[in-house]
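Trainee:
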Amino acid sequence: MLMNSLWNLIDWLLPSIRLPDDLAHVYRDPEALSSVSHHHHRASIHSTHSSCNSTPSQQTRDGNPFSQAYQLASRPAIAPPSSASHEAGAGSRGGAASEWHRERDTRSGEREYREREREKERVERERQAAQQQAEKEGMLKKIRALEGQVDKLTRELRASREDNMAIQKISSKDYIPPPLSVPAVPPSDPNALRAAYDSLLSMHTHTHNTLAERTEELASLNSFLSKTDDFSGAQLIQALRDLNAEIVHLSASMADELTSPASSFAPYRFDPTTHHSSQKAKELVAGMIGVGATKWLLARQQTEDLATVLQFAIQAWEVSCVGRAMDSFCYGLPREVDQFLSLLFEQMHQTEPQPTTSRWRALTYAHTRELLASSSNPQKPPPSPFQTLSDHNARGLLSILALCNFTSLPREALLARWGAHLLRISERAERLAEVIREGVMSAGFEVMWVKPAGPGEGQRSAPFDGEWMEDVYERAGTGNAQGMGVMCTIEFGLMLVQKGASSERNSFDEPRPNEHTNGSAKAHYGMNGHGSANGHARITNGHTNGAGAHHHDETLDGENSQAAALTKKVLLRPKVLLDTVSQFV
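So the sequence shown is residues 0 to 584, counted in numbering that gives the first Met the number 0.
Structure follows, in structure tokens:
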């Protein structure tokens, strides 16, 4: 009995001693709270049960002074904790509670993160499903389109096979055409049917062959009458300006170096009192740049204006030399042949459509150049005609320099210094001539320059016309230049030639600042291609000579009275020097 009471006492004391640890453990783990409460409840029930089952004597012994003393001695162990212990326990419980709340927030954040990830996965699956659906629909559309094409090709193939079988059936000797509703020949006469079939087959063959010939003819005419242009008017103007710039560059370079005392060419210049230029050189230069320009050059040999006058003289020589090559139908042909082809082209230009005329000139020009470039010795082909132009150009420049007392200047020294410039001028001129004759089919272009008055009786300068020409010193205040004589041309111009009666328009019909369509800007060619009315100037291949530069309307005579008029439009005016320039320069 004593042992039983001792165990009951221990069982009653131990839960009270472990209470602080159990509380801390409970705050850390809520599930421990239920287990501790259950254990304490079981201990209380067990203790009560033991007390109830004890005998009265035992209870009396339990209530003896020894037991009471023992109970009193043990009361401090189960007494409530002190205030310090209570505060420590409260702090421990608060820390445990905050830790539990953090863990709860962490678990809540993890749950939210997992939910977001699951939402992203769901959205991605929906996007992939939508993309796959779109691809599927696209593939279905392509399949339906391909099926449609296959059906179309199948129908065409079936129709082609049926046509082929029908043609083979009709072409076979054993074929008998079906009877007509109202047959011209009774079906009982197979010989007559055979003859009718042979007649129809012969007519069909003849019609088919005729149609094929007409188709080939129309195809060739379409190519021959094409109005397709490889170059525009703006490109031609730019090419001509590049040629003018090359000429100005050459003349300025030669004038600066030859008139400079420190130049390497100074030793070649002699005193004009001891050396005189040859008459042959004077005649050559006067025939190219004009008598007025030649006299002007000779009069300025010992003046400060020599550089300016020499530059203008070289420019005039280059324009005259290159202009004569540009005016020819194909440079390099004998003079008589070239003149005949030029007149033939002008005659065709009046009577034939513009594309026909342009195509004929392009083909003739191309084949003529090919024949001129051919040689019996393939290893040594002849030089281009425009390459020989450089040689003639160099001879003329040496003659001009001889008039300026450079009589001993060797040809090799001139070509060594300016040979590349001369070659570039020839190449640009050749390219421009090729483009004008082969690159434009819808209209005609002509290089403009005013031919100077050469030596001889009856030669006089062409009068200046502001609508056709541009005076170099127009802004210098020299007065009204209209009607004054033109000394020489120093820069090329460009003119557009079209059929005046044609109602069609092309890319060259757009208005330009220097374009003229009435008055003196309209020209009508006669039989010889020259507009020579009322004693005014003749115009041949774009340059003027004689007494003037105006054009007037002229009616064609005889069998050519139905020829359409040719309308001329100035796209770029040539720059000229007047006879009066020698008075102030």
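Heads up, the beta-carbon is just placed ideally off N, CA and C, and yes, glycines get one too.
Would DSSP call Gly484 helix, strand or coil?
Mentor: As a first step, residue 484 must be located in the sequence shown, where it is residue number 485. In this structure, Gly484 counts as strand in the three-state DSSP scheme.
Trainee: From the DSSP output, in three-state form, read off Gln497 for me.
Mentor: Here the question's residue 497 lines up with position 498 in the sequence shown. Three-state result, Gln497: strand.
Trainee: Can you list, in chain order, the residues of its chain whose CB lies under 7 Å from that of Thr59, leaving out five sequence neighbours each side?
Mentor: In the sequence shown, the residue the question calls residue 59 occupies position 60. Legend: pLDDT at Thr59 = 41, less than 50; position of this residue unreliable, value from coordinates given subsequently. So the list is empty, once near-sequence residues are dropped.
Trainee: Taking only the alpha-carbon atoms, compute the straight-line gap between Ser441 and Ala432 and give it to the nearest angstrom.
Mentor: To locate residue 441, count along the sequence shown from 1; it is residue 442. To locate residue 432, count along the sequence shown from 1; it is residue 433. Their Cα atoms are separated by approximately 16 Å.
Trainee: Where does Ile44 fall in DSSP's three states?
Mentor: On the sequence shown, residue 44 is found 45 positions in, with the first residue counted as 1. For Ile44, the pLDDT reaches just 42, beneath the cut-off of 50, and the residue's location in the model is therefore unreliable, leaving the point undetermined.
Trainee: Is Tyr267 near Leu408, with beta carbons less than 8 Å apart?
Mentor: Residue numbering aside, residue 267 sits at position 268 when the sequence shown is read from its first letter. Residue numbering aside, residue 408 sits at position 409 when the sequence shown is read from its first letter. Result yes, Cβ atoms of Tyr267 and Leu408 sit closer than 8 Å.
Trainee: DSSP state of Val434, grouped into three classes?
Mentor: Stepping through the sequence shown from its first residue, residue 434 is reached at position 435. Three-state result, Val434: helix.
Trainee: Check each candidate in Ala165, Met486, Asp150, Ser460 and name the one with the smallest Cα separation from Tyr472.
Mentor: Position 473 of the sequence shown, counted from the first residue, corresponds to residue 472. Answer by Cα proximity: Met486.
Trainee: Excluding the five sequence neighbours on either side, which residues of its own chain have a C-beta within less than 8 Å of the C-beta of Gly289, listed in chain order?
Mentor: As a position in the sequence shown, residue 289 is number 290, starting the count at 1. Contacts found: Ala315, Pro451, Ala452, Gly453, Ser460, Met486, Cys487.
Trainee: When the Cβ atoms of the stretch 423-438 are set against those of the stretch 240-257, are three or more pairs found closer than 8 Å?
Mentor: Contact holds: three or more Cβ-Cβ distances are below 8 Å.
Trainee: Whole angstroms are fine: how far does the CA of Tyr196 sit from the CA of Asp188?
Mentor: Here residue 188 refers to the residue found at position 189 of the sequence shown. Here residue 196 refers to the residue found at position 197 of the sequence shown. Taking the straight line from one Cα to the other gives about 13 Å.
Trainee: Examine the ligand HEM and report whether any of its heavy atoms sits within less than 7 Å of the Cβ of Thr227.
Mentor: Of ligands this structure carries none, so the ligand HEM is not represented either.
Trainee: Start and end of the beta strand (DSSP E) containing Gly443?
Mentor: Here residue 443 corresponds to residue number 444 of the sequence shown, with the count starting at 1. Counting along the chain, the beta strand (DSSP E) containing Gly443 begins and ends at 443-449.
Trainee: Helix or strand or just coil, what does DSSP make of Asp470?
Mentor: Within the sequence shown, the letter at position 471 stands for residue 470. It is a strand residue.
Trainee: Which first and last residues belong to the alpha helix (DSSP H) in which Val580 is found?
Mentor: Here the question's residue 580 lines up with position 581 in the sequence shown. Premise fails: Val580 is in no alpha helix (DSSP H) and is neither H nor E.
Trainee: Closer than 6 Å by C-beta to Asp229: which residues in its own chain qualify, once you throw out the five before and the five after it? Chain order, please.
Mentor: On the sequence shown, position 230 is the one that residue 229 refers to. Gly438.
Trainee: By DSSP's criteria, Pro462 is part of a beta bridge. Which residues make up the other side?
Mentor: By one-based count along the sequence shown, residue 462 stands at place 463. Pro462 pairs with Gly484.
Trainee: First and last residue of the alpha helix (DSSP H) that includes Leu249?
Mentor: The residue you call residue 249 lines up with position 250 of the sequence shown. Start and end: 232-258.
Trainee: By the three-class DSSP mapping on this structure, what secondary structure does Gly492 have?
Mentor: Position 493 of the sequence shown, counting from 1, holds the residue named residue 492. In this structure, Gly492 counts as strand in the three-state DSSP scheme.
Trainee: Excluding sequence positions up to five away, which residues of its chain have a Cβ less than 6 Å from the Cβ of Leu571?
Mentor: The residue labelled residue 571 in the question sits at position 572 within the sequence shown. These residues qualify, in order along the chain: Ile236, Gly492, Leu493.
Trainee: DSSP on Thr204, reduced to helix/strand/coil?
Mentor: Position 205 of the sequence shown, counted from the start, is the residue given in the question as residue 204. Here Thr204 sits in helix by DSSP.
Trainee: Three-state secondary structure (DSSP) at Leu5?
Mentor: Walking along the sequence shown from the start, residue 5 turns up at place 6. Leu5 falls in the helix class under three-state DSSP.
Trainee: Anyone know if the C-beta pair for Pro573 and Met483 falls short of 8 Å?
Mentor: The residue given as residue 573 occupies position 574 in the sequence shown. The residue given as residue 483 occupies position 484 in the sequence shown. For Pro573 and Met483, no; Cβs fall outside 8 Å.
Trainee: So the candidates are Leu342, Ala312, Arg154; which of them puts its Cα closest to the Cα of Asp326?
Mentor: Translated into the one-based positions of the sequence shown, residue 326 becomes position 327. The candidate whose alpha carbon is nearest that of Asp326 is Leu342.
Trainee: Can you tell which of Ala238, Val308, Pro354 has the C-alpha that lies nearest to the C-alpha of Ala251?
Mentor: Taking the sequence shown and counting its residues from 1, the one referred to as residue 251 is at position 252. If we check each option's Cα against that of Ala251, Val308 comes out closest.
Trainee: Between the alpha carbons of Ser373 and Arg323, how many angstroms are there, rounded?
Mentor: In the sequence shown, residue 373 corresponds to position 374, counting from 1. In the sequence shown, residue 323 corresponds to position 324, counting from 1. Roughly 24 Å between the two C-alpha positions.
Trainee: May I ask you to verify whether the stretch 392-407 touches the stretch 200-209, counting CB pairs closer than 8 Å and requiring at least 3?
Mentor: Judged by Cβ distances under 8 Å, the stretch 392-407 makes no contact with the stretch 200-209, as fewer than three pairs qualify.
Trainee: To which residues of the same chain is Gln353 closer than 8 Å at the C-beta, ignoring the five residues directly before and after it?
Mentor: Here the question's residue 353 lines up with position 354 in the sequence shown. Excluding sequence neighbours, Gln353 sits near Lys226, Met440, Ser441, Ala442, Gly443, Gln497, Lys498, Ser501.
Trainee: Within this structure, are the beta carbons of Leu397 and Arg410 separated by less than 8 Å?
Mentor: Locating residue 397 in the sequence shown gives position 398, counting from the first residue. Locating residue 410 in the sequence shown gives position 411, counting from the first residue. Going by C-beta atoms, Leu397 is nearer than 8 Å to Arg410.
Trainee: Just grab the DSSP bridge partners of Leu565 for me.
Mentor: For this step, residue 565 is matched to residue 566 along the sequence shown. Leu565 pairs with Lys498.
Trainee: Give me the Cα-Cα distance between Ile489 and Thr363, rounded to the nearest whole angstrom.
Mentor: In the sequence shown, counting from the first residue as 1, residue 489 sits at position 490. In the sequence shown, counting from the first residue as 1, residue 363 sits at position 364. Approximately 31 Å between the Cα atoms of the pair.
Trainee: Would DSSP call Leu396 helix, strand or coil?
Mentor: As a working note, residue 396 is residue 397 in the sequence shown. Helix.
Trainee: Helix, strand or coil: how does DSSP classify Leu571 here?
Mentor: Taking the sequence shown and counting its residues from 1, one reaches residue 571 at position 572. Strand at Leu571.
Trainee: With a 10 Å radius around its C-beta and 16 neighbouring C-beta atoms as the bar for buried, classify Glu161 as buried or exposed.
Mentor: In the sequence shown, counting from the first residue as 1, residue 161 sits at position 162. Classification of Glu161: exposed, given that the 10 Å Cβ count is below 16.
Trainee: Between Leu576 and Phe328, how many whole angstroms is the CB-CB distance? I'm expecting something under 8 Å.
Mentor: Within the sequence shown, the letter at position 577 stands for residue 576. Within the sequence shown, the letter at position 329 stands for residue 328. Not confirmed; about 29 Å, so no contact.
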